[in-house]
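Written below as structure tokens is the structure these notes are about.
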Amino acid sequence: RAKGRGRNMHLAYVSAAANRDPERLALELALRGALKHGEFSVHYQPRIDVDSGAPVGAEALLRWHHPHMGMISPARFIPVAEETGLIESIGEWVLRAACEQNRLWRESGLMPGRIGVNLSARQFRHADLALRVVQLLKETGLDPQHLELELTESMLMEDVDTAVATMTCLKNYGVSIAVDDFGTGYSGLSYLKRFPIDTLKIDQSFVREITSDPASAAIADAIIAMAQRLNLDVIAEGVETPEQCRLLRESGCRYMQGYLFARPVPTEDLTKLLRVGHVGRHL
Ligand code: C2E
Ligand code: MG
Ligand code: MG
Ligand code: MG
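Using full-length UniProt numbering, read the sequence shown as starting at 394 and increasing by one per residue.
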């Protein structure tokens, strides 16, 4: 552990990938300073109830603005954070920020609904994850029913028994669990019986092709039908066009996220949307 042994020790702990690739090394070193330099923020993308146009929840999405490199996408830096272990502290920071903000919205009389927070594989693997989440909820004063943790299928399948134990613990405490990017894993479906899941998020790849590819349309339709039979909520991700929205709606999907309704926005912008109470125009 480099902790407490001075700055130069960090250099001894760069990943194998960084040793091969100078660009990657720069990213890694910058990432190490990002938390303490306050370079992270959380954006929120509302989940819309398309029957009413009302925001009924939001997803917290991490943003990193580096003073020289500019905005760096999570698709690029999350894997680096994961590999270096930095995701532990970054992930905890996001979770705290989202819970804190949700409580603040509620205190000001707004109803943001559940906030979804993405967990990384490494965070989920941690034996004391459930305990940490419970502690954070207590510290931030947020009711557990207003938090939803987003996990991917591959994370669930890595160690099924531990996953079941962690999720059951969270569920008993009142925290909801969503399966993110649903339909893209290679896990089969029987795990849906074993895990205490609340929500399926249809992966955006199916939504993107729903109007052009009959197979994608059939898969999206089947996921929605299955979710209904299993009594799970279902959210379509990455909805960009009215046509996609219409097809999903016809299949019975009521909750959606996507640029058609709103991009991920800074806190203040979600506050405005919550005040207005609906997205309206396209519906
Ligand atoms: P995700 O959890 O599946 O999040 C959805 C991604 O789709 C977000 O990208 C969002 O901005 C984008 N998106 C939303 N609506 C649309 C749309 O209509 N069209 C298109 N093309 N894209 C849309 P983002 O914010 O770049 O995040 C990418 C991924 O990075 C996330 O995928 C998630 O896996 C990861 N991530 C983001 N924030 C965190 C975090 O705090 N912790 C962890 N562990 N992972 C995070
Ligand atoms: Mg997500
Ligand atoms: Mg997703
Ligand atoms: Mg994803």
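Quick reminder that beta carbons are idealized off the backbone N, C-alpha and C, glycines included.
Where does residue i sit, in a helix, a strand or coil, going by DSSP?
i	result
Tyr652	coil
Leu542	strand
Leu530	helix
Val572	strand
Asn511	strand
residue 682	Residue coverage of the chain in this structure runs from 394 to 676, which leaves residue 682 outside it and unanswerable.
Ala451	strand
Tyr579	coil
Phe599	helix
Ala629	strand
Tyr584	helix
Lys429	coil
Tyr503	The question names Tyr, but residue 503 in the sequence shown is Leu. Leu503 falls in the coil class under three-state DSSP.
Gly484	helix
Thr592	strand
Thr660	helix
Val435	strand
Met560	helix
Arg647	coil
Asp554	helix
Asp536	coil
Asp442	strand
Met464	strand
Val407	coil
Asp614	helix
Figure out for me which residue from the options has the closest Cα to the Cα of residue i.
i	options	result
Leu503	Leu667, Glu475, Glu636	Leu667
Glu543	Lys586, Leu582, Arg587, Val487	Val487
Pro537	Gly567, Thr604, Arg489, Ala427	Gly567
Phe470	Ile441, Leu582, Arg515, Glu421	Glu421
Gly484	Thr634, Thr664, Ser513	Ser513
Thr477	Lys429, Glu500, Ala409	Ala409
Thr555	Tyr579, Ala490, Glu481, Pro589	Pro589
Leu585	Gln621, Trp457, Arg417, Ala491	Gln621
Glu452	Arg525, Ala491, Glu602, Lys564	Ala491
Ile612	Leu641, Pro472, Leu625, Arg587	Leu641
Glu643	Asp614, Thr660, Ser445, Ser569	Asp614
Ala618	Glu630, Ile595, Glu602	Ile595
Asp626	His459, Asn412, Cys646	Cys646
Ser482	Tyr437, Gly426, Met462, Gly463	Gly426
Asp574	Asp552, Met560, Ser598, Leu563	Ser598
Arg489	Val407, Arg499, Val527	Val527
Glu493	Pro472, Leu535, Ala520, Ser501	Leu535
Pro472	Leu563, Ala411, Glu661, Ser569	Ala411
My guess is that residue i and residue j are in contact by the Cβ rule of under 8 Å, so how many angstroms apart are they, rounded?
i	j	result
residue 684	Val435	Examination of residue 684 is not possible in this model, given that the chain is present from 394 through 676 alone.
Gly509	Val449	Rounded, the Cβ-Cβ distance is 11 Å, inconsistent with contact.
Leu522	Leu530	No, Leu522 and Leu530 are not in contact; Cβ-Cβ is about 13 Å, not under 8 Å.
residue 359	Pro467	Residue 359 is absent from the model: the chain starts at 394 and stops at 676.
Tyr652	Glu633	5 Å
Ile480	Arg515	5 Å
Ala474	Leu428	Actually they are not in contact, since the Cβ atoms of Ala474 and Leu428 sit about 10 Å apart, beyond 8 Å.
Pro657	Leu454	5 Å
Phe447	Gly631	Before going further, note that residue 447 is Ala rather than Phe in the sequence given. With a Cβ gap of about 20 Å, Ala447 and Gly631 do not count as contacting.
Met462	Arg456	Not really, about 13 Å apart at Cβ, beyond 8 Å.
Report yes if the CB atom of residue i is closer than 7 Å to the CB atom of residue j, and no otherwise.
i	j	result
Ile616	Gly576	yes
Arg496	Thr533	yes
Val672	Ile441	yes
His458	Glu416	no
Arg587	Val557	yes
Thr604	Ala571	no
Ser583	Met550	no
Tyr437	Leu663	yes
Ser609	Gly578	no
Cβ of residue i versus every heavy atom of ligand 6: is any distance shorter than 6 Å?
i	result
Val557	Of the ligands this structure carries, namely ligand 1, ligand 2, ligand 3 and ligand 4, none is ligand 6.
Residue list, Cβ distance to ligand 2 heavy atoms smaller than 5 Å | Those residues, listed in chain order, are Asn511, Glu543, Asp573.
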